[in-house]
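J.: To convert, take the position in the sequence shown, counting from 1, and add 1488; that gives the numbering used here.
Cβ coordinates follow ideal geometry from the N, Cα and C atoms, glycine included.
Note that the coordinates shown come from a computational prediction; the quantities given were computed from them, not determined experimentally.
My structure is below; once you've seen it, I'll send some questions.
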Amino acid sequence: MLTTVPDSTSAHKLVDGALQAQLAACVSQLGTVHSRYRWKGQIESAEEIQLLFKTSAARSLELERFIVENHPYETPEILSWQASASTSYGQWIAAETHPPTHV
1489 MLTTVPDSTS AHKLVDGALQ AQLAACVSQL GTVHSRYRWK GQIESAEEIQ LLFKTSAARS
1549 LELERFIVEN HPYETPEILS WQASASTSYG QWIAAETHPP THV
């Protein structure tokens, strides 16, 4: 799942929250990108940080909700797709994103 945020503070908040909640096994900060887009009738320009969240299909909707609820943008970019992975990497992702059990 991919999103962009305006700054490193927002990036750290989303990354740390998703990892602590086991909604993602890994998040790659892809770096700063320059975005140009139409927003409310105007052409805008912004420097943003791209984040790539690696999660399981079972937790993807929860991760999307988490990003929406914790994202600083009114309409955050959230792109998701399913990808195949090597057996061992896929097993690691599934294990690390397994919902915590409550005792």
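#1: State the Cα-Cα distance for the pair residue 1571 and residue 1587, rounded to the nearest angstrom.
#2: Relative to the C-alpha of residue 1513, which residue among 1541, 1561, 1495 is closest?
#3: Have a look at the DSSP bridge pairing and note the partners of residue 1541.
#4: According to DSSP, is residue 1520 part of a helix, a strand, or is it coil?
#5: State buried or exposed for residue 1544, treating a residue as buried only when at least 16 other CB atoms are found within 10 Å of its CB.
#6: Please say whether residue 1492 and residue 1552 have beta carbons closer to each other than 8 angstroms?
#7: If we ignore side chains and look at the alpha-carbon of each, how far apart do residue 1529 and residue 1549 end up?
#8: Roughly how many angstroms lie between the CA atoms of residue 1563 and residue 1494, to the nearest whole one?
#9: When DSSP labels each residue in this structure, what does residue 1555 get in the three-state scheme?
#10: Note the first and the last residue of the continuous alpha helix (DSSP H) segment covering residue 1502.
T.: For this structure:
#1: 21 angstroms
#2: Of 1541, 1561, 1495, the smallest CA-CA separation from residue 1513 is found for 1541.
#3: 1515
#4: strand
#5: buried
#6: no
#7: 30 angstroms
#8: 13 angstroms
#9: helix
#10: 1496 to 1508
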